[in-house]
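Accompanying notes for the structure given below.
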Amino acid sequence: MNAALAPADFKSPLKPIWCPGCGDFGVLQALYRALSAVGRPPHEVAFVSGIGCSSRIPGYTTAYGFNSVHGRALPIAQGVKLANPHLLVIVAGGDGDGFSIGGGHVPHAIRRNVDLTYLVMDNQVYGLTKGQLSPTSPRGLRTVTSPLGSLEQPVNPLLTVLAYGAGFVAQATPADMPGMTALIEEAIRYPGFSFVNIQSPCVTFGEEEQQLRAHKTRMKTLGSLGHDPSNQLAALDLARAYGKELYTGVFYRNPDPPPTYDALVLQRQAELQRGEPRPRARVLERLVQR
Amino acid sequence: MVPVLGIDFERLSLQDALDLAVLIEEEARDRYVEFAEQLALHHTPEVADFFSRMARIEERHRTELLQRRRTLFGDVPSGIDRRMIFDVEAPGYEEARAFMGVRQALEMVLASEIKAHAFFDAALPRVKDPQLQSLFRELREEEVHHQALVRAELARCPEKGDDAEAYADDPVAQ
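Listed below in structure tokens is the structure:
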């Protein structure tokens, strides 16, 4: 453990305004601990978020932060990372921000493999706007926009990101603080796009059986099932249980991570600085020689 | 859930044990400070005041333990840090509720004191050093004393009527 940085070094003086009992309080504490364990100082870390309860996280840290526009956290974070590849970039948001409004950005962030950590606080409802149906709301959920119960099949975030080829996919719950802290730390350390789906229930608009007290009895660690996180097919199979079982741990970790997009960009910049001719310059040279 | 990580109780020194005890009190103090802030923000001032009082009590315990540690070991750097402990005596974040009553808050505190007692009780057989055994026994008995104090307060608290949730409107869309 790096003794130089304490979790409190990442805590800003701004007080969270989440409802008491919200799962996001635990996520924030786990983030402080994970960041102190990773050991990068706050000025080397940038948080980018969209809109929603969980998207308030950048303001609660001493790192750089951008509480951006709804659903656009991933493209902005990719821009931040490419502008300054030395920053550790963490994206935080909810299930609506990530899989509804911003859903179109998820596959592209994954296929580019920009070195980002994407933390989705999946509460299965739009909490900030007071309890509407969200993309991960279970079928049958009664909300103000589905008073007779939802007719829609929910998005499965785990299956989605695995299918698009994410190199690190995990699920956590604030009901297991040590487990969640370790998973966030592992995701941050993974070299490439990493995704953690955090089942962070909404205490005000969420279902009673989805609250953290229920998680404590329902959750099963993937380790206890003997899951091998390097087995992508097994990960896909286990991810199908989203909404039925609460599995926590690493679903998939690519044992041989490919180069990240930002590393490739740096490599290309270095090539150009070494004076190796650019393709366009070669064409110009040929034209001049004629 | 394992409330401590990376601590081998069989090899724990007296200094580390005192540091652990200090951090357990510190974590509880910080949690009650946060709960006081949360409840003040959510228009539940009586319970916010109660949590502020709890934070002061935990701070007093922390200071007493810290004094003992300093008397015995001065400012020798600690081998224990906050990242190793998870809600040993601090109530979990999930326990707080907007508009909760004082009785609910007292029940939460009692559950936390019981949890802390269970922690020291479980750790005790793993500790080999007689000085440490004596310290852990003392800390465990402290938790029994605290439980008695909370139970006495609970006995004075009305069974019902202070829970604002009973008359709060259901949340609605806007």
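As they're listed, the protein sequences go chains A and B. Just so you know, we're using the working numbering here: the first sequence kicks off at 46 and counts up by one. Just so you know, we're using the working numbering here: the second sequence kicks off at 26 and counts up by one. Note that CB positions come from ideal geometry on N, CA and C, so glycine has one too. All values derive from a computational prediction rather than experimental measurement.
Query raised in the report: Quick one, which of Y171/A, G224/A, R234/A, Q244/A has its alpha-carbon nearest S269/A's?
Result: As a position in the first sequence, residue 269/A is number 224, starting the count at 1. Nearest C-alpha to S269/A among Y171/A, G224/A, R234/A, Q244/A: G224/A.
Query raised in the report: Given that H67/B touches chain A, what residues does it touch there, using C-beta distances under 8 angstroms?
Result: To locate residue 67/B, count along the second sequence from 1; it is residue 42. Neighbours of H67/B on chain A, chain order: C64, P65.
Query raised in the report: In the DSSP assignment, what are the bridge partners of A215/A?
Result: Locating residue 215/A in the first sequence gives position 170, where the first residue counts as 1. Per DSSP, V241/A, V295/A.
Query raised in the report: CB-CB under 7 angstroms to R93/B, same chain, minus the five flanking residues each way: which ones, in chain order?
Result: Within the second sequence, the letter at position 68 stands for residue 93/B. The beta carbon of R93/B is closer than 7 angstroms to those of L43 in its chain, skipping five residues each way along the sequence.
Query - Cβ neighbour criterion (16 or more within 10 Å) applied to S245/A - result: Against the first sequence, residue 245/A aligns to sequence position 200. Classification of S245/A: buried, given that the 10 Å Cβ count is 16 or more.
Query - Contact test: P202/A Cβ vs the ligand GDP heavy atom, cutoff 7 angstroms - result: This structure simply doesn't include the ligand GDP, nor any ligand for that matter.
Requested in this report: Give the residues of chain A in contact with E62/B, contact being defined as C-beta atoms less than 9 angstroms apart.
Outcome: Against the second sequence, residue 62/B aligns to sequence position 37. Residues of chain A whose Cβ lies closer than 9 angstroms to the Cβ of E62/B are, in chain order, K60, P61.
Requested in this report: Indicate whether L131/B and C182/B have their beta-carbon atoms separated by less than 8 angstroms.
Outcome: Position 106 of the second sequence, counted from the start, is the residue given in the question as residue 131/B. Position 157 of the second sequence, counted from the start, is the residue given in the question as residue 182/B. Yes, they are a contact pair.
Requested in this report: Within its chain, find whatever has a CB closer than 8 angstroms to the CB of T69/B; leave out the 5 residues flanking it on each side and keep chain order.
Outcome: The residue labelled residue 69/B in the question sits at position 44 within the second sequence. Hits under 8 angstroms: A123, F124, M125, A189.
**Report entry** Range covered by the beta strand (DSSP E) that runs through F409/A
**Finding:** Because chain A spans 46 through 335 in this model, residue 409/A falls outside it and cannot be assessed.
Query raised in the report: So, does the CB of A177/B fall closer than 8 angstroms to a CB anywhere in chain A?
Result: Within the second sequence, numbered from 1, the residue matching residue 177/B stands at position 152. Contacts with chain A at 8 angstroms (Cβ-Cβ) do not include A177/B.
Query raised in the report: If you measure from the beta carbon of R108/B to each beta carbon in chain A, is any gap under 8 angstroms?
Result: Translated into the one-based positions of the second sequence, residue 108/B becomes position 83. Yes, contact with chain A.
Query raised in the report: Would you say P52/A faces chain B, with C-beta separation under 8 angstroms as the test?
Result: Residue 52/A sits at position 7 when you count from the first residue of the first sequence. Closer than 8 angstroms to some Cβ of chain B, the Cβ of P52/A qualifies, so yes.
Query raised in the report: For M46/A, which three-state DSSP category applies?
Result: Working through the first sequence from its first residue, we reach residue 46/A at position 1. Note on M46/A: pLDDT 45, under 50, position unreliable in the model; no value is reported.
Report task. Spell out a yes or no on whether the region 249-263 of chain A and the region 321-332 of chain A are touching, meaning 3 or more CB-CB pairs, one atom from each, closer than 8 angstroms. Result -> With a cut-off of 8 angstroms, the region 321-332 of chain A and the region 249-263 of chain A do not count as touching, because too few Cβ pairs lie within range.
**Report entry** Chain-ordered chain B contacts of R78/A [CB-CB under 7 angstroms]
**Finding:** Residue mapping note: residue 78/A aligns to position 33 of the first sequence, counting from 1. Those within 7 angstroms of R78/A in chain B are R108.
Query raised in the report: Using 8 angstroms as the limit for Cβ to Cβ distance, is E184/B near chain A?
Result: Counted from its first residue, the second sequence places residue 184/B at position 159. Taking a beta-carbon distance threshold of 8 angstroms, E184/B does not count as an interface residue toward chain A.
Query raised in the report: To the nearest angstrom, how far is it from the Cα of P152/A to the Cα of Y209/A?
Result: As a working note, residue 152/A is residue 107 in the first sequence. As a working note, residue 209/A is residue 164 in the first sequence. The straight-line gap from Cα to Cα measures roughly 6 angstroms.
Requested in this report: Report buried or exposed for G31/B, applying the criterion of at least 16 other Cβ atoms within 10 angstroms of its Cβ.
Outcome: Numbered from its first residue, the second sequence carries residue 31/B at position 6. The residue in question, G31/B, is exposed, as its Cβ has fewer than 16 Cβ neighbours within 10 Å.
Requested in this report: Using beta-carbon positions only, say whether P142/A and H115/A come within less than 8 angstroms of one another.
Outcome: For this step, residue 142/A is matched to residue 97 along the first sequence. For this step, residue 115/A is matched to residue 70 along the first sequence. The identity of residue 142/A in the sequence shown is Asp, whereas the question assumes Pro. Result yes, Cβ atoms of D142/A and H115/A sit closer than 8 angstroms.
Query raised in the report: With S191/A and L203/A assumed to form a contact (beta carbons below 8 angstroms), what rounded beta-carbon distance in angstroms separates them?
Result: The count along the first sequence starts at 1 and reaches residue 191/A at position 146. The count along the first sequence starts at 1 and reaches residue 203/A at position 158. 23 angstroms between Cβ atoms; not a contact.
Query raised in the report: Counting pairs of Cβ atoms below 8 angstroms between the region 160-171 of chain A and the region 183-199 of chain A, do you hit three or more?
Result: Judged by Cβ distances under 8 angstroms, the region 160-171 of chain A makes contact with the region 183-199 of chain A, as three or more pairs qualify.
Query - Residues that Q256/A contacts on chain B, provided the C-beta gap is smaller than 9 angstroms - result: By 1-based counting over the first sequence, the position of residue 256/A is 211. Neighbours of Q256/A on chain B, chain order: E119.
Query raised in the report: Are the beta-carbon atoms of D160/A and G237/A separated by less than 8 angstroms?
Result: Within the first sequence, residue 160/A is the residue found at index 115, counting from 1. Within the first sequence, residue 237/A is the residue found at index 192, counting from 1. Cβ distance < 8 angstroms, so D160/A and G237/A count as in contact.
Query raised in the report: Can you name, in chain order, every residue of its own chain whose Cβ lies under 6 angstroms from the Cβ of V58/B, other than the five neighbours on each side?
Result: For the purposes of this step, residue 58/B is taken as residue 33 along the second sequence, with counting starting at 1. Here the set comprises A80.
Query - Three-state secondary structure assigned by DSSP to A31/A - result: Outside the shown range of chain A (46 to 335) lies residue 31/A, about which nothing can therefore be said.
Report task. Would you kindly check if the distance between the Cβ of S239/A and the Cβ of G212/A is under 8 angstroms? Result -> The residue given as residue 212/A occupies position 167 in the first sequence. The residue given as residue 239/A occupies position 194 in the first sequence. Yes, the Cβ-Cβ distance between G212/A and S239/A is below 8 angstroms.
Query raised in the report: Which of helix, strand or coil does DSSP assign to V134/A?
Result: The residue given as residue 134/A occupies position 89 in the first sequence. Under the three-state reduction of DSSP output, V134/A falls in the strand class.
**Report entry** Rounded separation between I102/A and F55/A - CA only
**Finding:** Here residue 102/A corresponds to residue number 57 of the first sequence, with the count starting at 1. Here residue 55/A corresponds to residue number 10 of the first sequence, with the count starting at 1. F55/A has its alpha-carbon roughly 11 angstroms from the corresponding atom of I102/A.
Query - Residue-chain proximity (D112/B, chain A), Cβ-Cβ < 8 angstroms - result: For the purposes of this step, residue 112/B is identified with residue 87 of the second sequence, where counting begins at 1. It does: the Cβ of D112/B has a partner Cβ on chain A nearer than 8 angstroms.
Query - Under the three-state DSSP convention, the category K60/A falls into - result: On the first sequence, position 15 is the one that residue 60/A refers to. For K60/A, the three-state secondary structure derived from DSSP is coil.
Requested in this report: Sort E84/B, R107/B, L91/B by Cα distance to D100/B and report the nearest one.
Outcome: For the purposes of this step, residue 100/B is taken as the residue at position 75 of the second sequence. The residue from E84/B, R107/B, L91/B with its alpha-carbon nearest to that of D100/B is L91/B.
Query raised in the report: Anyone know if the C-beta pair for S81/A and P52/A falls short of 8 angstroms?
Result: Walking along the first sequence from the start, residue 81/A turns up at place 36. Walking along the first sequence from the start, residue 52/A turns up at place 7. Yes.
Query raised in the report: Taking 8 angstroms as the CB-CB limit, is R122/B close to chain A?
Result: Here residue 122/B is taken as the residue at index 97 of the second sequence, counted from 1. Taking Cβ atoms only, chain A reaches closer than 8 angstroms to R122/B, which makes this a yes.
Query - Proximal residues of chain B, C-beta to C-beta of A137/A below 9 angstroms - result: What you label residue 137/A is simply residue 92 of the first sequence in a count that begins at 1. Ordered by position in chain B, no residue passes the 9 angstroms Cβ test against A137/A, which lies about 17 angstroms from the chain.
Query raised in the report: Is any beta-carbon of chain A found at less than 8 angstroms from that of L135/B?
Result: What you label residue 135/B is simply residue 110 of the second sequence in a count that begins at 1. Cβ-Cβ to chain A under 8 angstroms: no for L135/B.
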